[in-house]
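**Student:**
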Amino acid sequence: MIEILTKYFATFADGFLITLESSIIALIGSLVLGTLFAVLQLVPNKFVNRLAQAYVEIFRNIPLLVITLFFFAFVAPLVTHLGIAMDGFTAGTIGLTLYTSSFIAEVIRASINAIPKGQMEAGRTNGMTWWQTMRLIILPQAFKMSIPSLGNQFINLVKNSSVLAFVAGMDLMYQANNIAQSTFDSMGTYMVVALFYLVITLPLSYGMKYIEYRSNRGGNA
Amino acid sequence: MEKAKKKRFGIILTLLSMIFFFGSIALLAVFSANSQDTTDTLERVKNSHRMVWGVKADTKLFGLMNTKTGQIEGFDVDIAKAVTQQIADDLNITIDPVFTQVTSSTRIQLLKNGNIDAFAATATITPEREKIIDFSNSYFDAGQSLLVKKGSDIKSVADLNKKGKTVLGVVGSNSVVNIKKYAPKAKVLGLSDYAQAMTALRAGQGDALTTDNGILYGMATENKGYVVVGGTFTTEPYGLAFDNNQGPIVRAANKALKEITASGKYNKIVKKWFDGVPGINWEDLKR
Amino acid sequence: MSIAMTLASTIEAFNYYNLRYLFIGLLYTLSVSVISIALSFVFGSIFGIIVYEKIPYFSRWVSIAVDIVRNLPLLLIIFFMYFALPNIGVHLSIFWASIAAFTFFESAMVSEIVRGGIMAVDKGQFEGARANGLTNAQTMFRIVLPQAYKKIVPPLVSQFISLVKDTSLATGIVLPELMYRGQIIYGQNSNYMIPVFIMLAIIYFVVNFGLSLISKRIEKNLA
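Line order of the protein sequences matches chains A, B and C.
Residue numbering for the first sequence follows the working numbering, starting at 2 and increasing by one per position.
Residue numbering for the second sequence follows the working numbering, starting at 1030 and increasing by one per position.
Residue numbering for the third sequence follows the working numbering, starting at 832 and increasing by one per position.
1. Unbroken beta strand (DSSP E) runs of length 3 or more, entirely within the segment 1111-1138 of chain B: which are they?
2. Do B:A1237 and B:L1189 have their C-beta atoms within less than 8 Å of each other?
3. Please list the terminal residues of the continuous beta strand (DSSP E) segment that includes C:S1021.
4. Is it buried or exposed for A:Q133, if we count other Cβ within 10 angstroms and need 16 for buried?
5. Between the segment 888-907 of chain C and chain A, which residues of the former have a C-beta closer than 8 Å to a C-beta of the latter?
6. Can you find a C-beta in chain A that's less than 8 Å from the C-beta of B:R1234?
7. What is the residue span of the beta strand (DSSP E) that B:M1227 lies within?
8. Any C-beta of chain B within less than 7 Å: which residues of the segment 1022-1042 of chain C qualify?
9. Span of the alpha helix (DSSP H) holding A:P78?
10. Secondary structure at B:D1170, three-state DSSP: helix, strand or coil?
11. Pull up the CB-CB distance for B:L1090 and B:I1101, whole angstroms please, since I reckon it's below 8 Å.
12. Helix, strand or coil for B:N1095 per DSSP?
13. Give the single residue among B:T1290, B:G1260, B:T1261 and B:G1243 whose Cα lies nearest to the Cα of B:F1303.
14. 8 Å is my cut-off, CB to CB: does B:I1161 come that close to chain A?
15. With 16 other CB atoms within 10 Å as the buried threshold, where does C:I880 fall?
16. From the beta carbon of C:F910, is the nearest beta carbon of chain A less than 8 Å away?
17. Tell me the DSSP secondary structure of B:K1297 in three-state form.
18. Is the shortest distance between the beta-carbon of C:L1000 and the beta-carbons of chain A less than 8 Å?
19. Would you tell me roughly how many angstroms separate the C-alpha atoms of A:G96 and A:V44, rounded to the nearest one?
20. Since C:F874 is in the alpha helix (DSSP H), which residue starts that stretch and which ends it?
21. Suppose you measure from the CA of C:M912 to the CA of C:A932; what does that come to, to the nearest Å?
22. Could you give the C-beta distance for B:G1219 and B:G1247, rounded to a whole number, given that I count them as a contact under 8 Å?
23. Skipping 5 residues on each side, what residues in its chain have a beta carbon closer than 6 Å to that of A:G170?
24. Grab me the residues of C:V1005's own chain with a C-beta within less than 7 Å of its C-beta, minus the 5 sequence neighbours each way, in chain order.
25. Is any beta-carbon of chain B found at less than 8 Å from that of C:V988?
26. Among C:S1046, C:T998 and C:S894, which residue has its Cα nearest to the Cα of C:V882?
27. Just checking: is the beta-carbon of C:I886 within a distance shorter than 8 Å of some beta-carbon in chain B?
28. Assign C:K996 to one of three DSSP states: helix, strand, or coil.
29. Please look up how many angstroms separate the CB atoms of C:L903 and A:A166, rounded, as I've assumed it's under 8 Å.
30. Less than 8 Å between the C-beta atoms of C:V941 and C:F872, yes or no?
31. Please confirm whether C:F889 and B:T1263 have their CB atoms less than 8 Å apart.
32. Do you know offhand how far C:F991's Cα is from B:K1284's?
33. In the DSSP assignment, what are the bridge partners of B:V1084?
34. List, in order along the chain, the chain C residues whose C-beta lies closer than 7 Å to that of A:E58?
35. Do C:Y1017 and C:S840 have their C-beta atoms within less than 8 Å of each other?
36. Can you find a C-beta in chain C that's less than 8 Å from the C-beta of A:T202?
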């Protein structure tokens, strides 16, 4: 295990950075998309609500691997005609973004629903539009409320980014498979790669638990 | 429960569970290490009257799943069947060949795991692999080549040796190792199996797909608009693979290979699979 | 590719034999998922109770183990079970290696759900039960757990849904489930790729969306 780590450290480090990069891009993207689709599920327009719901249900109920392979194999050649190159990394990151955004939409929608209805009405009677109230009053509270769940979603994102390995996305898992294949030491390789993942996910997980613990205590006091 | 008692209870439970956890791993390791050394593949096959072969399920001509029958069909499969039959005849017993699907990235592990007795899965005999598994003599001589889109500017492996070119291959295949030597400037992407690699080539994820010519010709027959170019730039002798230190069954397989070649059965199988495949002259493959 | 050609290859791709082949894949997907979730429910409950009970040292140890497993990618655990365990002498078939990997991972996830469920049960219940002369264990198994299980039905179902989706990762070790079989079919002919993808997406969607509807109904009935 130690030899694998020292001998292939550079390769692991490359994969680690790619995993991190993909996760962070997908986090930002899915936060934006997730919030958008959460709000669209609540705007006073039935048709838009339905569309947003359909988006969420579709991406929540299909495996990430199917979404990713779809972009890698089907969408990529379509966009190359437009001069856009979509490699495994891009396809994987888009897949991750769409998949995670559906979960984040659910988290944020739940938080918005938990905010007393009176706030929206108060905003409206004070002369603000629906969008203004949503943006300035409701969403900031909803975000604060969602922090623990959003943290969990980010942890899931980092773990799920391993799907890039299927489309040669050069991430940690892809590199690990290559190393395991060339050294035939699967045990050592997968132990090392587990450590690399835990370096990201464990601190996040404990951080989230701490925040949750603090807010629970604050709530009771 | 009072505090001190509860604490002692906790410590004992922790220790017990740790002993159980690590103890069971150690036991398993010792137990199976012993059992493995004594397993002789030939003995196991003789006793069970079955020989479990790993074959490809996604590779045209060599091993392809027929969804109609649920059977895997191809050159590798027929060779494995013929060799099994011959070994059985030589020993004067019956042995049923059983087929399990493998990919380039799983076949060696499966063999080491003991899930399969042998594999006939387009595997090149290489010195690196011979360190950890045993090979029979070669049963087919392939050579690495390239599959590209018709009209591509890639005519040979030299055209790939440029910055910005991407080659597709399969993780765990020898061709991925080779291409890094022949086109060190190209970027190599390893997919998990040939279906994926072909999908990636069609999706424009790479300039060429590299693997052995036989496999590529098989892909070209199903994918109009894709051609094999540049001839072969390596020789890839395929061997039947067995676990390490399995001398008896390797000798039995070599003897069987010799016998099916002498009886003309080998050539029949070659004709069955390669006669009429564009780009291949099956007569050249006769032995 | 023209629309007519796409249509033709769609019809070709979904001939009876390919559909049957895919259907058996779905059976694999479902049986692996059901066996794994059932096992995880048992192990997850045990670990959840242990962590909740705060037994000195022991609970801490189990909780760290659960956190480590929860925070690893499932794909890594699958590869580990199948490729790495044989290095120390543990040989599992593809089917059981998949189930072992899913059970290992899902037990950790389920244990968190169970612990959350127990914590959500009103504290007064514990005290009331104990005041009525029940022992700790009796309180847990007769009073608290039944209520906790009722509360955790929705998260358990969504965990099951994500398990059904995640079985597709076992295609990496050639488990002949839905996703792998889809790939074999478009391995016959790459023109089948798009129809197969759409088909896979529809099958997964129908199964999982159906499950989530059932879960919503249960939630309503329990509320």
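By construction, the Cβ of each residue, glycine as well, lies at the ideal position given by its N, Cα and C atoms.
**Tutor:** The answer reads as follows:
1. 1125-1131
2. yes
3. Unbroken run through C:S1021: none, as it is neither H nor E.
4. exposed
5. Those would be D898, I899, R901, N902, L903, P904, L905, L906 and L907, in chain order.
6. Correcting the residue type first, residue 1234 of chain B is Gln in the shown sequence and not Arg. Yes, its Cβ sits closer than 8 Å to a Cβ of chain A.
7. Premise fails: B:M1227 lies in the alpha helix (DSSP H), Y1223 to R1231, not in any beta strand (DSSP E).
8. M1024
9. A77 to T81
10. strand
11. Wrong, their Cβ atoms sit about 12 Å apart, outside the cutoff.
12. In the three-state DSSP reduction, B:N1095 falls in the strand class (E or B).
13. B:G1243
14. yes
15. buried
16. yes
17. Here B:K1297 sits in helix by DSSP.
18. For C:L1000, the answer is yes, since a Cβ of chain A falls inside 8 Å of its Cβ.
19. A:G96 and A:V44: Cα-Cα distance of roughly 26 Å.
20. Counting along the chain, the alpha helix (DSSP H) containing C:F874 begins and ends at Y847 to E884.
21. 6 Å
22. Not really, about 20 Å apart at Cβ, beyond 8 Å.
23. G89, F90 and G93
24. The beta carbon of C:V1005 sits closer than 7 Å to the beta carbons of I925 and Y1011 from its chain, once the five residues preceding and following it are set aside; these are given in chain order.
25. Not closer than 8 Å to any Cβ of chain B, the Cβ of C:V988 fails to qualify, so no.
26. C:S894
27. Flagged as an interface residue toward chain B: C:I886, by a C-beta distance shorter than 8 Å.
28. helix
29. Actually they are not in contact, since the Cβ atoms of C:L903 and A:A166 sit about 14 Å apart, beyond 8 Å.
30. yes
31. no
32. 52 Å
33. B:Q1130
34. F1040
35. no
36. yes
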